[in-house]
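J.: Going down the list, the sequences are from chains A and B.
FYI, in the working numbering the residues of the first sequence are 27 to 675.
FYI, in the working numbering the residues of the second sequence are 27 to 675.
Glycine included, each C-beta is placed from N, C-alpha and C at the ideal position.
Starting off with a structure, shown below.
Number of protein chains: 2
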Amino acid sequence: MTNTPSPRDRDNSEQDQFLTILSREDALARFEAALFPRAVPGEQRPLADALGCALAEDVTAPIDVPPFDRSNVDGFAVRSADLASAGEASPARVMLNDEVIACGTAPTRPVLSGTATPIATGGPVPRGADAVVMVEHTQPAGHRAIDIRRAASPGQFVSYAGSDIARGEALLRAGTIIGSREIGILAACGIADVAVARRPRVAIMSTGDELVQPGHALRPAAIYDTNGAIVTAAITENGGEAKFLGAVADDEAQLESAMREALATSDMLVLSGGTSKGAGDVSHRIISRLGKPGIIAHGVALKPGKPLCLAVCDRKPVIILPGFPTSAMFTFHDMIVPVLRRMAGLPPRSDAKVNARVPVRIASELGRTEFVMVSLVEGADGLIAYPTGKGSGAITSFAQADGFLRIDVLADQMPAGSEAEVTLFTPHVRVPDLVIVGSHCTGLDLVTAPLSHAGLTVRSIAVGSLGGLSAAKRGECDFAPIHLFDEKTGTYNTPYLTEGLELVPGWRRMQGIVFRKGDQRFEGLNAEGAVRAALADPACIMVNRNQGAGTRILIDRLLGGARPDGYWNQPRSHNAVAAAVAQQRADWGMTIAPVAHASNLGFIPFAEEHYDFALVKARKQRPAVQAFLDALASKVGRAALAHAGFRPA
Amino acid sequence: MTNTPSPRDRDNSEQDQFLTILSREDALARFEAALFPRAVPGEQRPLADALGCALAEDVTAPIDVPPFDRSNVDGFAVRSADLASAGEASPARVMLNDEVIACGTAPTRPVLSGTATPIATGGPVPRGADAVVMVEHTQPAGHRAIDIRRAASPGQFVSYAGSDIARGEALLRAGTIIGSREIGILAACGIADVAVARRPRVAIMSTGDELVQPGHALRPAAIYDTNGAIVTAAITENGGEAKFLGAVADDEAQLESAMREALATSDMLVLSGGTSKGAGDVSHRIISRLGKPGIIAHGVALKPGKPLCLAVCDRKPVIILPGFPTSAMFTFHDMIVPVLRRMAGLPPRSDAKVNARVPVRIASELGRTEFVMVSLVEGADGLIAYPTGKGSGAITSFAQADGFLRIDVLADQMPAGSEAEVTLFTPHVRVPDLVIVGSHCTGLDLVTAPLSHAGLTVRSIAVGSLGGLSAAKRGECDFAPIHLFDEKTGTYNTPYLTEGLELVPGWRRMQGIVFRKGDQRFEGLNAEGAVRAALADPACIMVNRNQGAGTRILIDRLLGGARPDGYWNQPRSHNAVAAAVAQQRADWGMTIAPVAHASNLGFIPFAEEHYDFALVKARKQRPAVQAFLDALASKVGRAALAHAGFRPA
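Following this line, the structure appears as structure tokens:
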């Protein structure tokens with residue numbers, strides 16, 4: 027529910043009631059102060075349904091475990107004093123009592139001096155006995171007696187009542203999360219129901235007319251609702267009972283009614299999408315009518331996540347998350363999870379942290395605490411943290427990162443080479459077995475698939491050919507996929523290699539002109555002809571590629587100095603070029619054949635690009651590198667590449 | 027389903043078909059060889075129900091995300107070339123196109139040179155435009171035009187189609203566990219259903235007539251079924267769909283029919299209880315009839331866990347876990363979880379490991395790989411691993427341990443002071459805030475309760491007074507609760523303190539004679555009289571305490587050299603004494619008043635025991651120690667102690 031600005035609205039924006047941007051710490055402190063302390067409501071649950079819940083109360087052991095003095099072996103319950111002089115050469119003979127204590131059998135006869143009672147593992151030691159001898163250390167002596175060839179110390183092979191758990195001892199404390207081990211302790215005491223913290227009911231709503239739910243067809247200009255699903259899942263992961271109510275249209279009356287209804291049956295309401303400060307942003311107006319104290323913070327000096335809105339309406343938290351997925355998820359984890367877990371009676375999440383070096387300078391905005399999502403790879407002397415770099419509008423920035431680092435509110439950058447503390451999203455860093463940094467290609471996914479299926483972890487960080495080459499020179503990756511054209515020699519890639527790097531041939535990608543099928547300006551022409559035709563039509567708009575891309579060099583060569591409309595539209599990927607043409611934002615551009623075909627575009631082949639690998643020689647013998655080289659050379663790998671439209675070198 | 031041995035059976039045991047004890051590694055290798063490779067069956071699930079499941083197939087991006095070139099700000103879509111010379115002093119004036127691109131609105135008009143189109147965050151960049159300028163950097167110039175005061179670089183504030191996720195790129199690999207982040211990635215691509223590995227259906231059965239399910243009353247000689255609940259929960263935690271079928275009686279026909287039925291509808295069957303090698307052990311006979319190849323290993327050179335039985339019947343694993351809870355859980359995690367996770371399409375569990383010093387010698391059995399459950403505490407120079415020490419018959423050995431260390435099959439001990447690698451049961455070590463090592467008392471739970479509720483973690487390791495004192499001298503705990511009587515001075519505790527320790531007075535515990543209410547031999551007597559009466563009756567059996575216990579000194583004093591029946595029955599706790607008397611295994615003994623009252627026994631007070639704390643001076647200023655001292659001195663703490671029958675010092 028972002029809204030369309032118009033310059034006419036700008037003067038009114040001064041009247042906006044939420045001008046104050048709070049610091050992250052201040053916002054969280056005010057939010058928590060408005061919500062806590064509060065009692066965590068409990069509910070009784072059968073043990074089997076309590077897995078993952080938090081205990082609402084301390085649990086004290088109601089019985090001794092074991093409940094009686096128990097035999098730990100199969101053997102005979104005896105009086106140790108009777109065996110004081112027993113040995114291999116001088117066995118002690120004892121008479122057998124006329125009962126057998128199986129597991130679950132209560133003894134009925136005492137063990138008198140000079141007697142023994144057969145007893146199974148787990149059986150209760152009878153009155154009079156003070157030790158158990160193992161059956162292996164005895165010998166039958168007729169049907170009514172045995173010889174015992176070893177002395178027994180008092181208490182031998184006996185587990186005394188209460189030695190595992192003593193009646194009255196504190197077993198588990200309130201707030202403990204019930205895992206299988208806790209279930210074991212409770213079951214051992216005979217506890218079948220426990221008081222657990224009731225999961226807070228959290229209603230989730232997406233707002234925005236542009237949102238389409240996954241599984242439905244995407245309209246032009248629409249996008250899939252990502253935040254609804256991810257927030258719902260993250261609430262479940264953090265102890266809430268999530269109820270996703272779908273996307274609600276941008277209509278104030280309709281939205282208010284939906285919010286009131288959701289809040290009436292929930293303990294918390296989370297909206298995502300409606301955080302624009304534009305005049306049409308109705309969510310916060312509605313919130314101010316929902317209950318006291320209302321909005322606590324609208325705008326937090328936090329990046330990503332500035333437009334976060336925190337409110338409390340009649341003791342219930344109401345949150346509007348930013349619309350961008352990474353902003354939404356980051357603020358959710360940073361600001362909402364602590365509150366949710368506390369409401370759920372759960373302990374704070376314990377985040378694992380590691381130290382890592384930042385290989386590149388990271389710019390930051392003064393005055394906002396900035397959190398940078400990073401991927402971790404193993405360098406020569408420790409971990410290296412690569413910014414994922416796609417920005418807060420990208421879901422993958424958050425979802426494919428290993429963790430994040432923090433840049434202080436008063437810093438305007440983190441210099442290259444800095445040591446930073448990285449908070450991990452999952453408890454373990456699993457450093458990938460194979461690290462690929464450079465230009466990405468869907469062909470690469472085909473080659474690495476068998477490695478993934480064999481349990482090797484592959485990390486591919488897309489930073490372009492030149493960025494990959496730098497990483498390879500610094501030894502931060504196993505190899506860099508590159509497709510760099512050297513105009514001087516007219517060759518690809520080899521001229522760019524330096525000491526310590528070796529070229530591994532990859533595959534050829536046919537580049538050519540794309541256009542919408544049926545566009546009569548281009549049908550039947552070759553590349554040079556197509557560009558001539560485009561330049562001849564003033565209504566014809568092109569889409570270019572970014573400076574530095576190999577494809578850009580080819581385009582400039584074909585244009586021969588012309589700068590037609592669209593020349594400055596310079597996306598960074600083959601896919602973006604195809605999308606621009608398919609969606610009629612441009613009429614022609616240059617991309618690779620597989621991408622053109624996937625978009626069902628017309629394609630005029632022009633020149634092959636060499637997509638090769640700059641291999642870090644020092645890492646060549648690593649098993650994952652060898653596995654990659656094997657997969658690249660394998661018949662099945664080459665066949666998969668060819669099938670996808672690439673030509674293996 | 028352990029069974030009662032009799033010496034008569036011993037000769038037949040040689041005919042047992044499962045005499046070969048395999049090494050742990052050999053057993054696991056044979057088990058896995060009989061089960062794998064196998065296909066992981068998949069099933070289609072809605073995204074919302076896929077949380078925690080493992081992906082069954084690779085997922086490739088079906089669309090570009092974003093699907094179009096998207097504006098990242100509220101502002102105006104422009105041609106960057108139009109603004110080449112724009113600046114604060116020389117704004118560029120452009121005419122506004124007659125449309126407004128909201129989020130979700132497909133543009134219908136191109137941005138021609140000299141024009142701009144208002145666009146909201148998330149809106150698709152129209153044809154012709156190659157950049158977006160923020161509304162803040164513009165000024166209205168009448169109703170149909172704006173002035174722009176900054177140049178714009180091509181692509182400014184534009185996220186190109188496919189820049190987040192490119193169509194055709196490998197999104198997630200088979201085997202990935204679906205968390206909220208993966209759900210976000212899938213939703214962003216519009217994927218509403220995913221193929222996930224179907225959770226293996228695992229049937230769990232307990233065997234043993236002695237077992238009572240939690241929630242039901244415990245019969246004499248019976249125990250609660252711990253393994254059923256804990257195994258069921260652990261299967262859920264490791265990707266299985268667990269179905270607990272309850273306890274099945276020890277009857278061969280009935281058990282066979284139950285096992286056949288369970289196996290027919292499950293992918294795996296886990297039994298616990300029936301691993302005795304006694305003649306009555308029917309489970310393995312049944313297994314040999316259930317399918318090929320049948321039993322793979324019966325008996326593994328593993329401690330705890332030797333009696334583990336591994337079988338495969340017609341491609342389905344059938345496992346009989348040892349009956350002792352810690353043996354059952356340890357073998358389950360060590361030998362069964364890897365197989366279960368592989369069947370569930372999950373990656374191997376990644377266990378975190380830490381190094382720690384072992385403060386005491388640990389004996390081990392030559393010829394068996396021994397795993398020792400340990401609790402971790404922070405020492406002066408690193409972590410210290412205390413063996414939990416209650417043995418495999420105790421559920422708490424496993425459930426309250428932080429992890430385990432391994433003693434090699436060829437070692438007969440681990441010497442005190444060894445450095446050992448500890449595998450953690452949970453990813454993080456949370457070193458406790460307060461460490462108490464020594465003699466346990468339920469009064470201690472009352473004093474530490476407020477600390478736990480304030481979020482401080484308290485670890486109490488019960489090793490007796492003398493063991494606690496040693497730990498305190500080594501600086502391994504904050505304090506040691508002790509109740510040590512010095513016969514020379516006739517005083518408690520103080521004479522035992524050494525340099526670096528300080529006595530903190532705790533409370534007094536009244537010790538006295540316990541007997542069953544109504545036992546006319548003891549009613550109305552004082553302690554001396556009661557002991558005289560007991561000694562006068564040859565049928566009267568006592569229960570003693572272990573050598574070294576303060577209570578033992580009192581008993582010996584009262585007995586004056588007599589050694590009546592039961593003298594050598596020497597349990598190590600107050601609770602065991604009460605249980606022996608309550609269950610008629612003994613007629614009298616000495617325990618403390620609160621324990622006697624909890625067991626509803628008659629109690630004759632004799633002498634107060636001083637339960638005090640040997641505080642490690644160097645750790646006195648720690649916040650948790652201060653919090654403990656505060657709680658001990660607090661009115662509410664003293665009242666709780668008094669209410670429970672203790673007398674605060």
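1. Checking 8 Å against the spacing of the C-beta atoms, do G464 (chain A) and G501 (chain A) come in under that value?
2. Give, in chain order, every unbroken run of the beta strand (DSSP E) that is at least 3 residues long and sits entirely within the region 397 to 463 of chain A.
3. Under 9 Å Cβ-Cβ, which residues of chain A neighbour V91 (chain B)?
4. For F350 (chain A) and K329 (chain A), what's the separation of their Cα atoms in angstroms?
5. Determine, using beta-carbon pairs with one atom in the region 531 to 542 of chain B and one in the region 633 to 643 of chain B, whether at least three such pairs fall under 8 Å.
6. How many angstroms separate the CA atom of A323 (chain A) from the CA atom of R341 (chain A)?
7. Taking one C-beta from the region 587 to 605 of chain B and one from the region 547 to 556 of chain B each time, how about it: are there three or more such pairs within less than 8 Å?
8. DSSP state of L372 (chain A), grouped into three classes?
9. Could you check whether the Cβ of A612 (chain A) sits closer than 7 Å to any heavy atom belonging to the ligand ZN?
10. Between Y186 (chain B) and chain A, is the shortest Cβ-Cβ distance under 8 Å, so that the two count as touching?
11. Could you work out which residues of chain A lie near I209 (chain B), taking near to mean beta carbons separated by less than 7 Å?
12. Taking Cβ positions only, does V448 (chain B) come closer than 8 Å to chain A?
13. Listed in chain order, which residues of the region 118 to 142 of chain B have Cβ atoms closer than 9 Å to some Cβ of chain A?
14. Buried or exposed for K643 (chain A), please, with buried defined as at least 16 other CB atoms from any protein chain shown within 10 angstroms of its CB.
15. For N570 (chain B), count neighbouring C-beta atoms within 10 Å of its own C-beta (all shown protein chains included) and say buried if the count is 16 or more, exposed if not.
16. Is the shortest distance between the beta-carbon of M616 (chain A) and the beta-carbons of chain B less than 8 Å?
17. Taking only runs that begin and end inside the region 525 to 603 of chain B, name each unbroken alpha helix (DSSP H) of 4 or more residues, in chain order.
18. Out of curiosity, what's the CA-to-CA distance linking P180 (chain B) and A260 (chain A)?
19. In whole angstroms, what is the alpha-carbon distance linking H310 (chain A) and G663 (chain A)?
20. Mapping the DSSP letters down to three states, classify N381 (chain B) as helix, strand or coil.
21. Determine which residues of the region 171 to 203 of chain A have a Cβ less than 7 Å from any Cβ of chain B, and write them out in chain order.
22. On the CB-based measure, 16 or more other CB atoms within 10 Å of its CB, does S206 (chain A) come out buried or exposed?
23. Just mark S302 (chain A) as buried or exposed, buried being the case when its beta carbon has 16 or more other beta carbons within 10 Å.
24. For N626 (chain A), decide whether its Cβ has a neighbour in chain B, counting only Cβ atoms nearer than 8 Å.
25. Can you name the residues of chain A whose CB is closer than 7 Å to the CB of D471 (chain B)?
26. List the endpoints of the continuous alpha helix (DSSP H) containing T202 (chain A).
27. In terms of residue numbering, what span does the beta strand (DSSP E) encompassing P152 (chain B) cover?
28. Check each candidate in A:G576, A:A562 and A:S97 and name the one with the smallest Cα separation from G516 (chain A).
29. Taking all protein chains shown into account, decide if G304 (chain A) is buried (16 or more other Cβ within 10 angstroms of its Cβ) or exposed.
30. Which residue comes first and which comes last in the alpha helix (DSSP H) that contains Q652 (chain B)?
31. According to the Cβ coordinates, are D680 (chain A) and G140 (chain A) closer than 8 Å?
32. Using the DSSP secondary-structure output, state which residues sit across from V238 (chain B) in a beta bridge.
33. Exposed or buried, which one is E195 (chain B) when buried takes at least 16 other CB atoms within 10 Å?
34. Does the region 88 to 101 of chain B touch the region 153 to 164 of chain B, meaning 3 or more C-beta pairs lie closer than 8 Å?
35. Is it a yes or a no for the region 278 to 291 of chain B touching the region 218 to 236 of chain B, going by three-plus beta-carbon pairs under 8 Å?
36. Hey, how far is the Cα of L667 (chain A) from the Cα of A560 (chain A)?
T.: From the atom records:
1. Inclusion of G464 (chain A) and G501 (chain A) in the CB contact set at 8 Å is not warranted, their separation being larger than that value.
2. Whole beta strand (DSSP E) segments, 3+ residues: 408 to 413, 429 to 433 and 445 to 450.
3. Under a criterion of Cβ atoms nearer than 9 Å, the residues of chain A adjacent to V91 (chain B) are, in order, I249, Y250, T252, A420, I421 and T422.
4. Near 12 Å, if we compare the C-alpha coordinates of K329 (chain A) and F350 (chain A).
5. Cβ pair count under 8 Å is three or more, so yes.
6. So the two alpha carbons sit approximately 15 Å from each other.
7. The region 587 to 605 of chain B vs the region 547 to 556 of chain B: no contact.
8. Reduced to three states, the DSSP call for L372 (chain A) is coil.
9. Of ligands this structure carries none, so the ligand ZN is not represented either.
10. Answer yes: the Cβ-Cβ gap between Y186 (chain B) and chain A drops below 8 Å somewhere.
11. Those are A255, I256 and A259, listed as they occur along chain A.
12. Among the CB atoms of chain A, none fall inside 8 Å of the CB of V448 (chain B).
13. Those residues of the region 118 to 142 of chain B that come within reach of chain A (Cβ to Cβ, closer than 9 Å) are L122, V126, I127, A128, C129, G130, T131, A132, P133, P136, L138 and S139.
14. Around the Cβ of K643 (chain A), a 10 Å sphere holds fewer than 16 other Cβ atoms; the residue is exposed.
15. That one is buried.
16. Not one chain B Cβ lies under 8 Å of M616 (chain A).
17. DSSP runs (the alpha helix (DSSP H)) wholly in the region 525 to 603 of chain B: 553 to 562 and 576 to 585.
18. When only Cα atoms are considered, P180 (chain B) and A260 (chain A) end up about 37 Å apart.
19. Each residue's CA atom was taken as its position, placing H310 (chain A) and G663 (chain A) some 55 Å apart.
20. In the structure shown, N381 (chain B) adopts extended strand secondary structure according to DSSP, grouped into three states.
21. Contact annotation: in the region 171 to 203 of chain A, residues whose CB is within less than 7 Å of a CB in chain B are I172, P180, G181, S185, Y186, A187, G188, S189, D190, I191, A192, R193, G194, E195, A196, R199 and A200.
22. A buried status is given to S206 (chain A), since no fewer than 16 other beta-carbon atoms sit within 10 Å of its beta-carbon.
23. With a pLDDT of 47 at S302 (chain A), under the threshold of 50, the modelled position of this residue cannot be trusted, and the question is left open.
24. Proximity of N626 (chain A) to chain B, defined by a Cβ-Cβ separation below 8 Å, is not satisfied.
25. Within 7 Å Cβ-Cβ: E195 and A196.
26. No alpha helix (DSSP H) contains T202 (chain A), which DSSP labels as neither H nor E.
27. Element bounds for P152 (chain B): n/a, residue is neither H nor E.
28. That would be A:G576, whose Cα lies nearest to the Cα of G516 (chain A).
29. Summary for G304 (chain A): the model assigns pLDDT 46, below 50, so the residue's position carries little reliability; its value from the coordinates is reported in the next sentence. Taking all protein chains shown into account, G304 (chain A) has 16 or more neighbouring C-beta atoms within 10 Å of its C-beta and is therefore buried.
30. Looking at the DSSP string, the run of the alpha helix (DSSP H) that includes Q652 (chain B) is P649 to A659.
31. The structure shown does not extend to residue 680 (chain A), since chain A is modelled only from 27 to 675, so the question has no answer here.
32. B:Y250.
33. The residue in question, E195 (chain B), is buried, as its Cβ has 16 or more Cβ neighbours within 10 Å.
34. Remark: three or more beta-carbon pairs, one from each stretch, lie closer than 8 Å, so the region 153 to 164 of chain B and the region 88 to 101 of chain B are flagged as touching.
35. Verdict: yes, contact present.
36. Near 32 Å, if we compare the C-alpha coordinates of A560 (chain A) and L667 (chain A).
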